[in-house]
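Single-structure report; data block below.
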Amino acid sequence: MTAKEPPAHFQITAQDGKTRCGVLKTRHGDVETPVFMPVATQGTIKALGSDDIAALGMKAILANSYHLGLRPGPEVVEAHGGLHGFMRYDGAILTDSGGYQVFSLADLRRVDDKGVLFKSHLDGSPKFLTPENVIELQAKLGSDMWTTLDECPPYPAADGEAKRALERTMRWTDRSIATFKSEDARRPPTSPPSAPTGSPSAASRWARARRRPGTRWATPSRPCPRPSRAT
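Read left to right, the sequence shown gives residues 76 to 306 (the working numbering).
This is the structure in structure tokens:
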């Protein structure tokens, strides 16, 4: 992408009712959607090397900020030229905020408006995840698409609990995007999307999410079933 290209980097190429196809433009190539995006949790797809990924024609992969932040650490990845250099992969990379993994540690974390205090599942050391440092982490990882921190309530969730989680997610989104705008050269060309998690009702999630005009929202997701530890 060039500096002259518009911030909106997703183009719809075909639409039939509510279904659509498009092209997602990134600094590491165009990705046609819908897309199969394999998971490279710690910077590698299990059983596949970089040459295998290229040979299979994978245009985009997902890496996990939580796991990479703990091991090998963002400084190590950054020293190797970011995830693309670390993996020797030239395609597009999406990183998540790590929120889902942290919220799976029900007995190891505490959440408030400041962020999430949790214990590493590796050695029990205390860690603090905030809307600001998840963006700083993804900047060091050097991915093409970033995500903001969201609170992932359990499923099923009472309506009050779901509402509080979504409202906190919206506040966290404002803080994440403010940090994103300060990253300058390291940031992708568009602001990171936020996931309006927090209620079994899609209509309820969208109604609350739309109260924030100008915010880019990912597809609403259901409250999280309790996953195995550090999924």
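Ideal Cβ placement from N, Cα and C applies to all residues, glycine included.
Residue i burial status per 10 Å Cβ neighbour count (16 or more: buried)
i       : result
Lys-121 : exposed
Gln-176 : buried
Leu-99  : buried
Ala-130 : exposed
Ala-250 : It should be pointed out that residue 250 corresponds to Arg in this sequence rather than to Ala. It counts as buried.
Ala-71  : The structure shown does not extend to residue 71, since the chain is modelled only from 76 to 306, so the question has no answer here.
Ala-115 : buried
Arg-243 : buried
Ala-237 : buried
Tyr-230 : exposed
Asp-91  : exposed
Glu-226 : buried
Gly-160 : exposed
Phe-85  : exposed
Gly-132 : exposed
Residues sharing a beta bridge with residue i, DSSP
i       : result
Cys-96  : Ala-89
Gly-190 : Asp-187
Pro-201 : Lys-194
Thr-244 : BP columns for Thr-244 are empty, so no partner.
Leu-212 : For Leu-212, which the question treats as bridged, DSSP gives no partner whatsoever.
Ala-115 : Ala-138
Ile-168 : Ile-136
Met-162 : According to DSSP, Met-162 bridges with nothing at all.
CB-CB length for residue i against residue j, believed under 8 Å
i       : j       : result
Gly-173 : Gly-144 : 6 Å
Ile-168 : Ile-210 : Contact doesn't hold; Cβ gap of about 15 Å is too wide.
Glu-258 : Ala-214 : 5 Å
Gly-97  : Lys-134 : About 13 Å; that fails the 8 Å criterion.
Thr-248 : Ser-218 : Rounded, the Cβ-Cβ distance is 18 Å, inconsistent with contact.
Ser-140 : Leu-212 : 6 Å
Phe-178 : Gly-190 : About 12 Å separates the two Cβ atoms, so there is no contact after all.
Which of helix, strand or coil DSSP assigns to residue i
i       : result
Val-110 : coil
Asp-105 : strand
Pro-229 : strand
Met-21  : Outside the displayed span of the chain (76 to 306) sits residue 21, for which this structure offers no information.
Ile-120 : coil
Met-76  : At Met-76 the pLDDT is 45, less than 50, meaning the model places this residue with poor confidence and gives no usable figure here.
Distance between residue j and residue i (C-alpha atoms, nearest Å)
i       : j       : result
Ile-87  : Val-110 : 14 Å
Ala-240 : Pro-228 : 6 Å
Thr-94  : Pro-113 : 22 Å
Asp-127 : Ala-233 : 45 Å
Met-220 : His-196 : 26 Å
Glu-207 : Gly-156 : 22 Å
Ser-125 : Arg-163 : 6 Å
Gly-199 : Ala-89  : 49 Å
Met-245 : Ala-253 : 13 Å
Gln-117 : Arg-146 : 8 Å
Leu-216 : His-103 : 14 Å
Arg-304 : Arg-185 : Because the pLDDT of Arg-304 is 42, which lies under 50, any placement of that residue in the model is unreliable, and the number read from its coordinates should be weighed accordingly. Approximately 15 Å, taken between the alpha carbons.
Ala-154 : Thr-108 : 32 Å
Asp-187 : His-142 : 22 Å
Residue i CB to nearest heavy atom of the ligand ATP below 7 Å
i       : result
Ala-167 : For the structure depicted, the ligand ATP is absent and the ligand set is empty, with no information on it obtainable.
Contact with chain C by residue i, beta-carbon distance below 8 Å
i      : result
Lys-93 : Absent from the structure: chain C. Only one protein chain is present.
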